[in-house]
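Only one structure is covered here, and it is reproduced in the block below.
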Amino acid sequence: MKSQTAAPAPGQRMITKRSRGVGRRMLQQKYLYLMILPALIWVVIFSYGPMFGLYMAFINYSPGGASFFSQFFHSKFVGLEWFRYFLDNGDFYIVLRNTLAQSLLTILFGFPAPILLALLINEISGNKVKKVFQTVSYLPHFISWVIAANIIITMLSSDGLINKLLMLSGLVSEPVRFLQVGPYFWWIIALSNTWKEMGFGAILYLAAIASINPELYEAARVDGASRIRLMYHVTLPALKPTIVIMAILSVGGILNAGFDQQYLLQNDTIMQYSDVIDTYTYRYGLQNSMFSYGAAVGLFKSVVSFALVLTVNSIARKLNDHALF
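So the sequence shown is residues 1 to 325, counted in the UniProt record's numbering.
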């Protein structure tokens, strides 16, 4: 009598067929997977490998005479103690206020600036002139913050260009000490970030504009649309998916106010207004050797940013079906 084996369930057949299809596709595209393998190894080693260091936020780590791993894994486990310490001390509210103020002002100026710049560059008729304007606009992105900060400090000094223009126009009677007044620092950071990054950010929107079907513009011109109406009724609706994705990323990075620009432009006089989460983490984590505390503050920022990305992405998907994932 022949033995009979039970036929696989429909779900199992589907999974088996799908796995075979994936295996067959990987075999057919083996050279493409080999090309991406170095990048995958790099991500695993340098992006996911260091994540074991997050454990430092839950222990009382201090370097000693033993090796790093021995000291790391034998440190006292304190749980959420460092997070409570950060939330309970007075620095939390000051640092959070400065971070949110600088980030929100940067979004206020820096988010629409690349869109407007891309629309203006797109309206330039000559290709050579358009390329010159585009190149000049994103050149500041490639200037390091060390050089950019020195340019900003020089322009905002008492005998700098900004004060000279203000005095010549009669708006002020004496030089304004921009970098010695705390609230001014928030606006300086926001405008500096906008100046430095809007040209490079416009590249993404120009690429999206280039993919718009020219027939849409032709049909709108036939209907008598002016250049302003072409931008409003054709270009901007086509940019909507890109704008939504960039908005999600901007809101998700609201706690990433920056480090280089704050560290290079701040001074002791305005520390109460210039200190953000990143500079605070650097000062306590590295300069004061409070490694566990610095790791806890950095992890707190990352978790909140991740939660913001998920929240804004969910809202965007429900409102207009355009989302990051």
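No residue lacks a Cβ here, since even glycine has one placed at the ideal position from N, Cα and C.
So residue i packs on residue j, CB below 8 Å; how close in whole Å?
i: Ile59; j: Ser302; result: That pair is no contact at about 18 Å.
i: Ser192; j: Ile254; result: The Cβ separation is near 18 Å, so there is no contact.
i: Leu179; j: Tyr205; result: In fact, because the Cβ distance is near 33 Å, the residues do not count as touching under 8 Å.
i: Phe92; j: His141; result: Phe92 to His141, Cβ: 33 Å. No contact.
i: Gly79; j: Gln71; result: Wrong, their Cβ atoms sit about 19 Å apart, outside the cutoff.
Determine the contact status of residue i and residue j, defining contact as a CB-CB distance below 8 Å.
i: Thr279; j: Phe259; result: yes
i: Gln102; j: Ile189; result: yes
i: Ile243; j: Ile115; result: yes
i: Phe111; j: Ser250; result: yes
i: Ile248; j: Asn150; result: no
i: Tyr138; j: Ile212; result: no
i: Ala220; j: Leu236; result: no
i: Ala118; j: Ile45; result: no
i: Tyr85; j: Ser75; result: no
i: Leu286; j: Trp145; result: no
i: Ala148; j: Lys196; result: yes
Look up residue i in the DSSP assignment and give the residues it is bridged to.
i: Phe77; result: Ile59
Which same chain residues end up closer than 7 Å to residue i when comparing Cβ atoms and leaving out the 5 residues on each side of it in sequence?
i: Leu161; result: Met155
i: Thr281; result: Gly294, Val297 and Gly298
i: Phe133; result: Ile121 and Ile124
i: Val95; result: Asp275, Val276, Ile277 and Tyr280
i: Leu308; result: Val251, Gly252 and Ile254
i: Gly182; result: Ile270, Gln272 and Tyr273
i: Arg25; result: none
i: Trp82; result: Ala57, Ser292, Tyr293 and Ala296
i: Phe77; result: Phe58 and Ile59
i: Asp225; result: At residue 225 the sequence reads Ala, which differs from the Asp that was named. Hits under 7 Å: His233.
i: Phe109; result: Ala190, Leu191 and Thr194
According to DSSP, is residue i helix, strand or coil?
i: Ala66; result: coil
i: Met1; result: With a pLDDT of only 46 at Met1, under the threshold of 50, the placement of this residue in the model should not be trusted; the figure read from the coordinates follows. Three-state result, Met1: coil.
i: Gln266; result: coil
i: residue 389; result: Residue 389 is absent from the model: the chain starts at 1 and stops at 325.
i: Pro112; result: helix
i: Leu87; result: helix
i: Gly253; result: coil
i: Asp278; result: helix
i: Ile143; result: coil
i: Val181; result: coil
i: Leu171; result: coil
i: Ile189; result: helix
i: Gln29; result: coil
i: Ile212; result: coil
i: Asn163; result: helix
i: Gly23; result: helix
i: Phe200; result: helix
i: Asp223; result: coil
i: Phe306; result: helix
i: Asn288; result: coil
i: Ser157; result: coil
i: Gly294; result: helix
i: Phe259; result: coil
i: Val176; result: coil
Can you list, in chain order, the residues of its chain whose CB lies under 6 Å from that of residue i, leaving out five sequence neighbours each side?
i: Pro175; result: Ser158 and Asn163
i: Ala113; result: Thr194 and Met198
i: Thr106; result: Ala190 and Asn193
i: Leu37; result: none
i: Leu216; result: Val234
i: Glu218; result: none
Shorter than 8 Å from the beta carbon of residue i to some beta carbon of chain B?
i: Leu319; result: Absent here is chain B; the protein component of the structure consists of one chain.
Output needed for residue i: all residues of its chain with C-beta closer than 8 Å, excluding positions within five of it in sequence on either side, in chain order.
i: Gln266; result: Phe185, Ser274, Asp275 and Thr279
i: Val172; result: Asn163 and Leu166
i: Met1; result: Its pLDDT being 46, under 50, Met1 is placed unreliably in this model, and the value from its coordinates should be taken loosely. Same-chain partners within the cutoff: there are none.
i: Arg227; result: Glu123
i: Leu54; result: Ala295 and Leu299
i: Ala187; result: The sequence given here places Trp at residue 187; Ala does not occur at that position. Closer than 8 Å at the Cβ level, and outside the excluded window around Trp187, lie Leu105.
Taking 7 Å as the line, does the beta carbon of residue i fall inside it for any heavy atom of the ligand COA?
i: Asn213; result: Ligands in the displayed structure: none, and consequently the ligand COA is not present.
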